[in-house]
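Under the working numbering, the first residue of the first sequence carries the number 8, and numbering increases by one thereafter.
Just so you know, even glycine gets a beta-carbon here, dropped at the ideal spot from N, CA and C.
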Amino acid sequence: MISLEQIVRDPEKFRAALVRRGETPPIERIIELDSRRKELIQAVDVDRANRNKVSKAIGDEKRKPMPEEIVEMRETGDRIKAIQADLAGVLEELNATLLPIPNAPLDDVPDGLDEESNIVIRTSEGLTETHGNAHWDVATELDILDLEAGASIAGARFYVLKGKGAKLQRALASWMLDIQTEVHGYTEIDPPLLVRGETMTGSGNLPKFKDNLYRDDDSDLWLVPTAEVALNGLHQGQIIDPDKLPLKYVAQTPSFRKEQTSAGRDVRGIKRVHQFEKVEMFRYVEPETSDEMLEEMLGEAESLCARLGLTYRVLQLCAGDIGFQSAKTYDIEVWSPGCAEWLEVSSISTCTDFQARRNGTRYRPEVGASTKLPHTLNGSGLALPRIWIAVIENGLQEDGTIVIPEVLVPYTGWDRIEAN
RNA sequence: GGAGGGGUGGCAGAGCGGUUGAAUGCGCUUGUCUUGAAAACAAGUAUGGCGGUAACGUCAUCGCAGGUUCGAAUCCUGUCCCCUCCGCCA
8 MISLEQIVRD
18 PEKFRAALVR
28 RGETPPIERI
38 IELDSRRKEL
48 IQAVDVDRAN
58 RNKVSKAIGD
68 EKRKPMPEEI
78 VEMRETGDRI
88 KAIQADLAGV
98 LEELNATLLP
108 IPNAPLDDVP
118 DGLDEESNIV
128 IRTSEGLTET
138 HGNAHWDVAT
148 ELDILDLEAG
158 ASIAGARFYV
168 LKGKGAKLQR
178 ALASWMLDIQ
188 TEVHGYTEID
198 PPLLVRGETM
208 TGSGNLPKFK
218 DNLYRDDDSD
228 LWLVPTAEVA
238 LNGLHQGQII
248 DPDKLPLKYV
258 AQTPSFRKEQ
268 TSAGRDVRGI
278 KRVHQFEKVE
288 MFRYVEPETS
298 DEMLEEMLGE
308 AESLCARLGL
318 TYRVLQLCAG
328 DIGFQSAKTY
338 DIEVWSPGCA
348 EWLEVSSIST
358 CTDFQARRNG
368 TRYRPEVGAS
378 TKLPHTLNGS
388 GLALPRIWIA
398 VIENGLQEDG
408 TIVIPEVLVP
418 YTGWDRIEAN
């Protein structure tokens with residue numbers, strides 16, 4: 008959630024920031040609701056203070072209330088209830104108005120309303136936009152991917168990995184987790200995949216994107232579209248003690264997405280599916296450090312691509328293309344020779360204090376100091392089916408076998424995938 | 001699924017209709033003492049809203065939401081969560 012205080016203090020600055028991402032927030036209404044809110048609070052506080060005073064006097068003097076006091080206090084009580092009801096209505100509308108408003112992009116995020124305006128800020132050494140056979144042919148031929156089985160079990164956009172294909176994915180996930188925990192210093196988390204609505208709201212996925220989420224009606228739980236949701240919920244409603252930040256978490260989980268908004272895109276192969284594995288990095292940091300932390304996370308994700316020997320490039324997303332909760336985002340794309348396109352395998356964002364405010368996650372900078380909102384950052388490290396695709400398509404040899412990156416061999420126990 | 005028990009401040013733990021935002025202990029912060037430390041002693045130590053430049057004032061919060069009452073941490077209803085025993089099951 009964006010800061011109500013900031014909107015009210017400098018509405019035009021906030022409006023300008025959101026216009027950059029193609030949004031026109033109802034600022035006038037928000038300001039109106041906020042001043043109404045303050046009026047009602049002041050009115051109800053006067054009545055409550057009076058009621059407290061009278062009741063306390065009765066208690067102090069150990070006597071029965073006088074009849075006229077009872078009458079007066081009943082009226083006061085009725086008035087308190089009435090104002091409270093008004094206030095609840097105002098707060099509800101304020102909340103409903105604020106929740107669908109996205110985060111404001113940082114000043115250094117480039118202008119632009121769609122992906123056309125994203126900027127390639129660097130490309131890995133030895134760029135070769137090679138071409139080859141697509142994974143849906145190659146992997147099916149090698150019998151490590153079964154798209155038909157996926158479709159028959161669960162429908163379109165589901166898939167089955169078999170044999171060395173399945174093990175390759177497991178090896179990639181384990182390898183990435185080991186790097187993140189042992190080299191980059193993240194704490195591994197294995198969170199619930201089903202979460203409450205409040206948790207989903209805290210991350211920014213609700214209320215706006217409910218059409219892309221799977222949900223169980225009986226238990227009122229939602230399937231996570233990314234581990235970010237669960238990791239973001241880890242400290243909801245908490246005050247994090249001094250000297251605990253930055254907190255760095257990593258989790259490998261499935262991600263469940265309906266992809267209704269992407270109907271018709273990427274229909275072949277497993278580039279875009281309803282369920283996929285992902286290793287996700289997440290940090291809670293002090294606001295002052297969030298810029299450098301974001302760069303650090305980008306570097307960590309890049310290093311994974313580099314160690315796998317993949318050709319990749321880094322994009323900075325323009326204001327109109329960053330995610331709802333993001334204030335600034337980098338994407339990493341790896342070259343996929345078979346698909347003949349760049350595949351997004353990581354998206355690294357700072358959400359500033361947007362998620363922390365929604366979540367009620369705060370921290371205490373030092374003993375005795377008042378609480379502040381931490382910044383939250385997230386980034387894939389990395390997204391699995393796509394990095395799997397890249398490894399398969401890039402490793403394809405003339406003879407139809409696939410050579411896998413050396414770093415994975417300790418995890419697979421073999422260095423090549425060949426036809427049975 | 002059946003039967004019970006419980007959710008109070010950073011933690012432990014009182015309170016069960018009236019100066020209780022909340023005893024007491026621990027922890028933490030500061031000070032006194034000490035060459036230093038420990039111990040001892042003293043003071044302080046929740047979060048948020050509203051008003052105020054501030055000092056400060058005021059309101060709310062004892063899982064959450066309602067209700068009863070002049071007055072609720074205390075009584076009532078609902079709900080969420082935790083624990084114990086039985087059943088079932090990976």
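Check for me: the beta strand (DSSP E) holding residue i runs from which residue to which?
i           : result
residue 313 : From DSSP, residue 313 is part of no beta strand (DSSP E) but of the alpha helix (DSSP H) over 297-314.
residue 288 : 282-292
residue 322 : 319-323
What number of angstroms, rounded off, separates the C-alpha of residue i from the C-alpha of residue j?
i           : j           : result
residue 130 : residue 301 : 18 Å
residue 290 : residue 200 : 19 Å
residue 256 : residue 31  : 35 Å
residue 304 : residue 42  : 41 Å
residue 213 : residue 207 : 6 Å
residue 64  : residue 79  : 15 Å
residue 371 : residue 245 : 10 Å
residue 253 : residue 294 : 10 Å
residue 28  : residue 408 : 46 Å
residue 184 : residue 195 : 8 Å
residue 123 : residue 88  : 54 Å
residue 82  : residue 39  : 29 Å
residue 238 : residue 144 : 36 Å
residue 71  : residue 54  : 21 Å
residue 224 : residue 276 : 31 Å
residue 439 : residue 35  : Missing from the structure shown is residue 439; the chain here goes from 8 to 427 and no further.
residue 148 : residue 101 : 56 Å
residue 37  : residue 19  : 13 Å
residue 399 : residue 423 : 10 Å
residue 332 : residue 363 : 11 Å
residue 383 : residue 11  : 19 Å
residue 66  : residue 85  : 21 Å
residue 140 : residue 395 : 14 Å
residue 99  : residue 365 : 15 Å
residue 210 : residue 269 : 21 Å
residue 345 : residue 273 : 13 Å
residue 367 : residue 8   : 11 Å
residue 57  : residue 93  : 20 Å
residue 232 : residue 281 : 9 Å
residue 369 : residue 168 : 42 Å
residue 188 : residue 215 : 33 Å
residue 248 : residue 241 : 14 Å
residue 50  : residue 97  : 14 Å
residue 266 : residue 334 : 23 Å
At what residues does the alpha helix (DSSP H) containing residue i begin and finish?
i           : result
residue 24  : 18-26
residue 184 : 170-185
residue 338 : Note, residue 338: premise wrong, no alpha helix (DSSP H); beta strand (DSSP E) at 335-343.
residue 58  : 34-67
residue 213 : Unbroken run through residue 213: none, as it is neither H nor E.
residue 160 : 154-161
DSSP beta-bridge partners for residue i?
i           : result
residue 228 : 223
residue 194 : 256
residue 263 : 282
residue 351 : 340
residue 424 : 409
residue 97  : Per DSSP, none; premise fails for residue 97.
residue 201 : 230
residue 15  : Answer is none; residue 15 lacks a bridge partner.
residue 167 : 153
Quiz item: Where in the region 99-149 do unbroken runs of the beta strand (DSSP E), each at least 3 residues long, occur, reported from the N-terminal end onward?
Solution: 126-130
Exercise. At 4 residues or longer, and completely inside the region 356-422: list those alpha helix (DSSP H) runs for me, N to C.
Key: Within the region 356-422, the complete alpha helix (DSSP H) runs of at least 4 residues are 361-366, 391-402 and 416-419.
Practice problem: Scan the region 237-261 and note each continuous alpha helix (DSSP H) run of 4 residues or more that stays entirely inside, going in chain order. | Solution: none
Quiz item: Does the region 337-356 come close enough to the region 307-323 to have 3 or more Cβ pairs within less than 8 Å?
Solution: yes
Quiz item: Counting pairs of Cβ atoms below 8 Å between the region 118-132 and the region 363-379, do you hit three or more?
Solution: Contact between the region 118-132 and the region 363-379 is absent: fewer than three C-beta pairs spanning the two stretches fall below 8 Å.
Self-check item: contact_flag[the region 152-165, the region 341-354] where n(CB pairs < 8 Å) is 3 or more
Solution: no
Exercise. Say whether the region 273-286 touches the region 383-396, bearing in mind that this needs 3 or more beta-carbon pairs closer than 8 Å, one atom from each stretch.
Key: yes
Practice problem: Determine contact between the region 172-191 and the region 135-155, defined as no fewer than three beta-carbon pairs at a distance below 8 Å. | Solution: yes
Quiz item: Does the region 326-336 come close enough to the region 107-114 to have 3 or more Cβ pairs within less than 8 Å?
Solution: yes
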